[in-house]
Amino acid sequence: MSVQTDYALRTLMFLAVKDGHHSIAEIAHAYGISKNHLMKVAQRLAAEGFVEGVRGRSGGLKLARPANALNVGSIMRAMEDTGTFVECFDAATNSCVVTPACGLRHALAGALEAFARHLDQFTIADLVPDSKSYGWQLDAQAATAST
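In terms of our numbering, the sequence shown opens at residue -9 and continues consecutively.
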């Protein structure tokens, strides 16, 4: 998975544990990750309908749907660009000379689909089953970072 998908899942997990609206800066700080990268991820999550963003002083991000309604496989499919996983996946730009005799594309496409189907078994709620402990860890990380 890409860093973008990793950050997307972590953001959704954070929002599943923490009620209310939370700023990108707060989420980035809690995980010790780049605010700029997270901003791009948040925009994509909002465009895909996974989070809602509210502007203003008391604004921030919140889940657009309950955590148990956010499917991990769907999130991964929305965030990942598997169309360019290897050159032969994109017929418009494929210039590989062995494509007609190669089985790599079929093998990789099957592996990607199996990976996504496995993730379809999980929701964001499943990723934070002990949400009280997870929230405590985020609070501890934020406290450590601010000292």
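C-beta atoms are modelled at their ideal positions from N, C-alpha and C, and glycine is treated no differently.
Values in this document were obtained by computation on a predicted structure and should not be read as measured data.
- CA-CA distance, ARG0 and ALA18? Locating residue 0 in the sequence shown gives position 10, counting from the first residue. Locating residue 18 in the sequence shown gives position 28, counting from the first residue. Rounded to the nearest angstrom, the two C-alpha atoms are 10 Å apart.
- Message: Run through the DSSP bridge pairs and tell me what HIS12 is partnered with.
- Response: Locating residue 12 in the sequence shown gives position 22, where the first residue counts as 1. According to DSSP, which records beta bridges pairwise, HIS12 is partnered with LEU51.
- Rounded separation between ALA115 and LYS25 - CA only: Residue numbering aside, residue 115 sits at position 125 when the sequence shown is read from its first letter. Residue numbering aside, residue 25 sits at position 35 when the sequence shown is read from its first letter. Pairing ALA115 with LYS25, the inter-Cα distance amounts to about 24 Å.
- Query: Is there contact between the region 54 to 73 and the region -4 to 12, where contact requires at least three CB pairs shorter than 8 Å?
  - Reply: Under the three-pair Cβ rule at 8 Å, the region 54 to 73 counts as touching the region -4 to 12.
- Message: In the DSSP assignment, the beta strand (DSSP E) including GLY43 goes from what residue to what residue?
- Response: The residue labelled residue 43 in the question sits at position 53 within the sequence shown. Its beta strand (DSSP E) spans residues 41 to 44.
- Message: Taking CB distances under 8 Å as the criterion, tell me whether ASN58 reaches chain D.
- Response: Reference to chain D is not applicable here, since this structure consists of a single protein chain.
- Just mark GLY39 as buried or exposed, buried being the case when its beta carbon has 16 or more other beta carbons within 10 Å. Start at 1 with the first residue of the sequence shown, and residue 39 comes out as number 49. So GLY39 ends up on the exposed side.
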